[in-house]
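Participant: Heads up: the sequence lines are chains A and B, in that order. Here this note's numbering is used: the first residue of the first sequence is 457, the next is one more, and so on. Here this note's numbering is used: the first residue of the second sequence is -17, the next is one more, and so on.
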Amino acid sequence: MILAVNWSHVWMVTGLGFMMVITLLVVLIFILKLLGAAISGAVKAPKASAPKASAPAATVAAAPASNGADDDLAAIAMALHLYFNGVHDVEPTEIHIKRVERSGWNSKLYGMNNLHR
Amino acid sequence: MGDILEFFEQMGFMNITWQQGLMLLISFFLLYLAIKKQYEPLLLLPIAFGMLLTNLPGAGMYHSELWSAFLDANSPAYHSYGTIMREGGLLDILYIGVKAGVYPCLIFMGVGAMTDFGPLIANPKSLLLGAAAQLGIFLTFLAANAMGFTEAEAGSIGIIGGADGPTSIFLTSKLAPQLLGPIAIAAYSYMALVPVIQPPIMRALTTKKERAIKMSQLRPVSKTEKIIFPIAITTIVALILPDAAPLIGCLMLGNLAKECGVVDRLSKTMQNELMNIVVIFLGLTVGATATAESFLNIRTIMIMSMGIVAFGCGTAGGILLAKLMNVFSKEKINPLIGSAGVSAVPMAARVSQQVGQEENPSNFLLMHAMGPNVAGVIGSAVAAGILLTMLG
């Protein structure tokens, strides 16, 4: 049974097939890296031309820290920004109570019939 | 009296063979696994029920002889869908979608719409792990040839190692349609058993120190990158390997619909309604191909045993390449993420996370493992395209 197999072709399919999978995916790696570099370059360009801001939020965000701390600092910076610039949501202090009006829909009185005695 | 006797003679009970009885028992067992143990219930339940329906004598829902004639070049019904529509049962008609390779592509569309390729774009090196995990496909192809299967059949058996049900069905329907039932069931069963098959191999091939390696956080990926990715991958892969275009094209179409943000309705339909409908049809019809005569033979047992070898080799291939990459690169990779290179999304990535946390509870490998995991989907589709080109 084993002798009947065209082993040279089988080995060719195995070796060439696997190498092709690897090669194709390596090509994709280069393309993805290129894509990433091109897009991040395009994104970074306007940042470089931006004026050096002295806002507290920007100062805090620029501080070197680990990834977890970055998130905390970003949250604190956002809170300070909202507080100092008065952007935080303001609750209205007025209380509105709508006067209830009686009608045939909500009052029993209007729905009662006169009883004939 | 004659009518009553005739009625009794037509009853399934009077016509059932022991092989059909055994297949019914197997289907009950699979239903038990799906419902009670919840092993991949979305797939296993329709597959098991399809198996139940097809093995009920006299029900006439699926006719394997019609499909044999469909494949026989000397038969008048050769490649005649008209004959199937005219003489087939419900499951025969639904099975046309499998035969024509439509369902696997539609499922890939849904998979694409549900997949975030961000971890792969952030760390393109993980594509290498996805490629290495395809080793199982080609080693099993060798083994299946040695066991007496034809090259086309061996290619279809090997693709089980890609751990990707739709890809296995797509390739088998083209190369060796007569083996579709056992191969589909092997592929889906082993996918469900990823949490059982992979951890012992992962522990055997890695040291405690390697399993505890922490990886640095992935870079954020911009929306533009996520939109360009599916377009670029489709164009490049289809230009290099046209046979992989149906699978990769549908996968990336689904992903583009999700990422572009302008066709939310289409994206949701692909993820939910379309995907669910196709899963029902595919599961039922794949289960229906598991008739007693096609399933209960030595070849099925050989396919099932080679399927597990394919899975194991794929897992080992990913882990070993991750270890090799650690020798050459400064930034260490946890080799456990290599096992996620067999596609089985997202179970394989979840297994990497679980095994990693056993060694180091503060280690979160899930997102790192998702890179090789989705790379495995691309890798297995590419491998299927290559096998189709070489053996089809």
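Glycine included, C-beta positions come from ideal geometry on N, C-alpha and C. Quick caveat, the model's predicted, so the values are computed rather than measured.
1) For Gln199 (chain B), does the count of other Cβ atoms within 10 angstroms reach 16, so buried, or fall short, so exposed?
2) How long is the line joining the alpha carbons of Met401 (chain B) and Leu266 (chain B), rounded to whole angstroms?
3) How many Å lie between Leu472 (chain A) and Gly71 (chain B) at the Cα?
4) Kindly say whether Ser204 (chain B), judged by its beta-carbon, lies nearer than 9 Å to any beta-carbon of chain A.
5) With a threshold of 9 Å between beta-carbons, can Pro328 (chain B) be considered close to chain A, or not?
6) Return the Cβ separation of Leu110 (chain B) and Leu102 (chain B) in integer angstroms, given the expectation that the two are a contact with Cβ distance under 8 Å.
7) For the segment 180 to 257 of chain B, list the alpha helix (DSSP H) runs that are entirely contained and at least 4 residues long, ordered along the chain.
8) Let me make sure I understand the geometry here. Which of B:Met286, B:Gln336 and B:Ala366 has the alpha-carbon closest to that of Ala125 (chain B)?
9) Between the segment 284 to 302 of chain B and chain A, which residues of the former have a C-beta closer than 9 Å to a C-beta of the latter?
10) Pairs of beta-carbons, one from the segment 333 to 349 of chain B and one from the segment 144 to 156 of chain B, closer than 8 Å: are there three or more?
11) List the residues of chain B that Met476 (chain A) touches, going by C-beta distances under 7 Å, in chain order.
12) Go ahead and pull the three-state DSSP assignment for Val469 (chain A).
13) If contact is defined by three or more beta carbon pairs under 8 Å, each pair taking one atom from either stretch, is the segment -2 to 15 of chain B in contact with the segment 235 to 249 of chain B?
14) So which of B:Ala357, B:Thr282 and B:Asn308 has the shortest CA-CA distance to Ala331 (chain B)?
15) Considering only C-alpha positions, which residue in the set B:Ile213, B:Ala55, B:Gly236 and B:Ala145 is nearest to Pro177 (chain B)?
16) Are the beta-carbon atoms of Leu229 (chain B) and Phe90 (chain B) separated by less than 9 Å?
17) Leaving out the 5 sequence neighbours to the left and right, which residues in its chain are closer than 6 Å to Tyr172 (chain B) when beta-carbon positions are compared?
18) Taking Cβ-Cβ distances shorter than 8 Å, what residues in chain B pair up with Ile532 (chain A)?
19) Using a Cβ cut-off of 7 Å, which residues of the segment 106 to 122 of chain B contact any Cβ in chain D, in chain order?
20) Since Met184 (chain B) and Leu48 (chain B) should fall inside the 8 Å C-beta cutoff, what is the C-beta to C-beta distance between them, to a whole number of angstroms?
21) Whole angstroms is fine: what's the gap from Val309 (chain B)'s alpha carbon to Ile179 (chain B)'s?
22) Please decide whether Phe211 (chain B) counts as near chain A, where near means a Cβ-Cβ distance under 9 Å.
23) Kindly indicate which three-state DSSP category Ala506 (chain A) falls into: helix, strand or coil?
24) Of the residues B:Leu38, B:Ala272, B:Pro28 and B:Leu34, which one's Cα is nearest the Cα of Met(-7) (chain B)?
25) Determine whether the beta carbon atoms of Ala166 (chain B) and Thr36 (chain B) lie at a separation below 9 Å.
26) Under the three-state reduction of DSSP, which class applies to Ile285 (chain B): helix, strand or coil?
27) Three-state secondary structure (DSSP) at Pro520 (chain A)?
28) Check distances from the C-beta atoms of the segment 124 to 150 of chain B to those of chain A and list, in chain order, the residues that come in under 7 Å.
29) Rank B:Ser276, B:Val244, B:Cys232 and B:Thr371 by C-alpha distance to the C-alpha of Pro148 (chain B) and give the top, closest one.
30) Assign Asp146 (chain B) to one of three DSSP states: helix, strand, or coil.
31) Out of curiosity, what's the CA-to-CA distance linking Gly323 (chain B) and Val359 (chain B)?
32) Once DSSP output is grouped into helix, strand and coil, what is the label at Asp528 (chain A)?
33) Answer with buried or exposed for Gly497 (chain A), where buried requires no fewer than 16 other C-beta atoms within 10 angstroms of its C-beta.
34) At which residues does the alpha helix (DSSP H) containing Asn127 (chain B) begin and terminate?
35) Would DSSP call His537 (chain A) helix, strand or coil?
36) Measure the Cβ-Cβ separation of Met197 (chain B) and Glu313 (chain B) and say whether it is below 9 Å.
Facilitator: Here's the rundown:
1) exposed
2) The shown model of chain B, from -17 to 374, leaves out residue 401 (chain B), and the question about it has no answer.
3) 43 Å
4) yes
5) no
6) Going by Cβ atoms, the distance from Leu110 (chain B) to Leu102 (chain B) rounds to 11 Å, so no, they are not a contact pair.
7) 190 to 193, 205 to 222, 227 to 242 and 246 to 251
8) B:Met286
9) none
10) no
11) Ile368
12) helix
13) no
14) B:Ala357
15) B:Ala145
16) yes
17) Gly289 and Phe293
18) Per Cβ cutoff of 8 Å: no residues; Ile532 (chain A) is ~20 Å from chain B at best.
19) Note that chain D does not occur in the displayed structure, where the protein chains are A and B.
20) With 8 Å as the limit, Met184 (chain B) and Leu48 (chain B) do not qualify as a contact, their Cβ atoms being about 45 Å apart.
21) 27 Å
22) yes
23) Bear in mind that a pLDDT of 49 at Ala506 (chain A), under 50, signals an unreliable position, so the number given afterwards is only what the model happens to contain. Of the three classes helix, strand and coil, the one that applies to Ala506 (chain A) here is coil, per DSSP.
24) B:Leu38
25) no
26) helix
27) Unreliable positioning characterises Pro520 (chain A) in this predicted model, as indicated by a pLDDT of 49, which lies under 50. A coordinate reading is not provided.
28) Leu124, Asn127, Ala128, Gly130 and Glu133
29) B:Cys232
30) coil
31) 8 Å
32) helix
33) exposed
34) Leu117 to Ala128
35) helix
36) yes
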